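Colleague: Residue numbers (my numbering), protein chains in the order written: chain A, 1 to 139; chain B, 1001 to 1139. All residues carry an ideal CB built from backbone N, CA and C; glycine is no exception. Since we're looking at a predicted model, the values are computed, not measured. Would you mind keeping the following structure in view while I ask a few things?
There are 2 protein chains.
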Amino acid sequence: MIDPIPESDEQCATVHTAIGQASCKRVGQVLSRVGDKWSILIIMFLTDGPQRFSQIKRSVDGISQRMLTLCLRGLERDGLVKRTVYEVVPAHVEYELTPLGHSLTMPVAGLGRWAMENLDEIERARDHFDNRNTLSGKK
Amino acid sequence: MIDPIPESDEQCATVHTAIGQASCKRVGQVLSRVGDKWSILIIMFLTDGPQRFSQIKRSVDGISQRMLTLCLRGLERDGLVKRTVYEVVPAHVEYELTPLGHSLTMPVAGLGRWAMENLDEIERARDHFDNRNTLSGKK
DNA sequence: CTGAATCCCCTCTGATACTG
DNA sequence: CAGTATCAGAGGGGATTCAG
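Written out as structure tokens, the structure is:
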């Protein structure tokens, strides 16, 4: 998962705001990781400390073991999570955030705060938008 | 696009870190919006001020008019973008960020900064991970 | 307990063509 | 110029099954 996105950065040159400059396609890669259905949830749970596979599975309600495996692999690949295998009879694997992974929780928390603060307004906007459309006769 | 995610918030109770509390499923909705392939790019370009449909299309390299329409609709629905139609012969439509939309650029910029600062480390981690796997004989 | 492998559905996304 | 409609391909993601 999380494919290459091997595109040019030409459009960076067309943007002239500070944050625009800082964005472009590269940031898209990070946002894909952060924006996917489970990664953030997993990272959040791992801030509590190392967790076993099944613990995470139980914590993140609704995730399938397939997706959990895939997400953890992706996170591990990006160096955000460290995987430790204990060679014992009933397999035992622990996952924990790397320093890089921990550093990500800061900006993400900022986004989380924004989300919490503005969720109501967003939902009101959605209701308003949806009502307007259904009333205007769209099937 | 951007579906309901009508799930319970039970798991919130199982988390005990501050940022963990603030997250959970709700934040997932925002992250889905932020994390999708084009929304952020569009928002970034709109920080420069109101833009016409075709301007955005030209700026965001590679986006299809279909996706642009869909994304703008989604952003409008969430109250992040305002759509203004000028009733003239060659249709003229402008899009601009709402105050809510502008406020989102702050936390997003934080994430963008993190991405820029850590992209090298992430790519190194990926190379390392990929090499390790190909060498260990995986087909 | 972990997690790889398969099957399958369904959404996202792009290409193309068509209206106002 | 702005937007919709349709079709087809790619990929995300769940359920289930098998293996170490």
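1) Could you tell me whether any Cβ in chain A is nearer than 9 Å to the Cβ of B:Glu-1007?
2) Does DSSP put B:Val-1060 in a helix, in a strand, or in coil?
3) Is the Cβ of A:Lys-37 closer than 9 Å to any Cβ of chain B?
4) How long is the line joining the alpha carbons of A:Phe-45 and A:Val-81, rounded to whole angstroms?
5) Over what stretch of residues does the alpha helix (DSSP H) that includes B:Glu-1076 continue unbroken?
6) Is B:Phe-1129 close to chain A, meaning its C-beta is less than 9 Å from at least one C-beta of that chain?
7) At a cut-off of 8 Å, would you count A:Ser-39 as near the ligand HEM, judging by its Cβ distance to the nearest heavy atom?
8) Should the segment 39-54 of chain A be regarded as contacting the segment 1040-1055 of chain B, the criterion being three or more beta carbon pairs within less than 8 Å?
9) Quick check on B:Ala-1091: buried or exposed, where buried means 16 or more other Cβ atoms within 10 Å of its Cβ?
10) Please classify A:Gly-28 as buried or exposed, where buried requires at least 16 other C-beta atoms within 10 Å of its C-beta.
11) Are the segment 107-127 of chain A and the segment 1030-1045 of chain B touching, with three or more C-beta to C-beta distances below 8 Å?
12) Is there a C-beta anywhere in chain A that falls below 9 Å from the one on B:Val-1088?
13) Along the chain, where does the beta strand (DSSP E) containing A:Leu-97 start, and where does it finish?
14) Could you tell me whether the Cβ atoms of A:Leu-100 and B:Asn-1118 are closer together than 9 Å?
15) What does A:Leu-104 reach in chain B if we use C-beta pairs closer than 9 Å?
16) So with CB distances below 7 Å, who are the chain A contacts of B:Ile-1122?
17) Does A:Ile-40 come within less than 9 Å of chain B when only Cβ atoms are used?
18) Check for me: the beta strand (DSSP E) holding B:Thr-1084 runs from which residue to which?
19) Apply the 10 Å Cβ neighbour rule to B:Met-1001 and answer buried if 16 or more other Cβ atoms are within range, or exposed otherwise.
20) Run down chain B in chain order and give the residues with a C-beta less than 7 Å from the C-beta of A:Leu-100.
21) A:Ala-91 CB to nearest chain B CB: under 9 Å?
22) Candidates B:Asp-1130, B:Arg-1126 and B:Lys-1037: which alpha carbon is nearest B:Cys-1071's?
Modeller: So, to answer that:
1) Caution applies to B:Glu-1007, whose pLDDT of 40 falls short of 50 and renders its modelled position unreliable; the value that the coordinates give is listed next. For B:Glu-1007, at least one C-beta of chain A is nearer than 9 Å to its own C-beta.
2) Residue state for B:Val-1060 is assigned as coil, using DSSP reduced to three classes.
3) Proximity of A:Lys-37 to chain B, defined by a Cβ-Cβ separation below 9 Å, is satisfied.
4) If I take the Cα positions, the gap works out to 12 Å.
5) Element bounds for B:Glu-1076: 1065-1077.
6) Cβ-Cβ to chain A under 9 Å: yes for B:Phe-1129.
7) This structure does not include the ligand HEM; it has no bound ligands of any sort.
8) With contact defined as three or more Cβ pairs closer than 8 Å, the segment 39-54 of chain A and the segment 1040-1055 of chain B are not in contact.
9) B:Ala-1091 should be labelled exposed.
10) Buried: at least 16 other Cβ atoms inside 10 Å.
11) Yes: at least three Cβ pairs fall under 8 Å.
12) No, no contact with chain A.
13) Where A:Leu-97 is concerned, the enclosing beta strand (DSSP E) stretches over 92-97.
14) Between A:Leu-100 and B:Asn-1118, the C-beta spacing is below 9 Å.
15) Neighbours of A:Leu-104 on chain B, chain order: Leu-1111, Trp-1114 and Asn-1118.
16) Chain A residues near B:Ile-1122: Asp-78 and Gly-79.
17) With its beta carbon less than 9 Å from one in chain B, A:Ile-40 belongs to the interface.
18) For B:Thr-1084, the enclosing beta strand (DSSP E) begins and ends at 1081-1086.
19) No answer about B:Met-1001 holds up, because its pLDDT of 43 lies below 50 and its placement is not dependable.
20) Within 7 Å Cβ-Cβ: Asn-1118 and Glu-1121.
21) For A:Ala-91, not one C-beta of chain B is nearer than 9 Å to its own C-beta.
22) Closest in C-alpha terms to B:Cys-1071, from the list B:Asp-1130, B:Arg-1126 and B:Lys-1037, comes B:Lys-1037.
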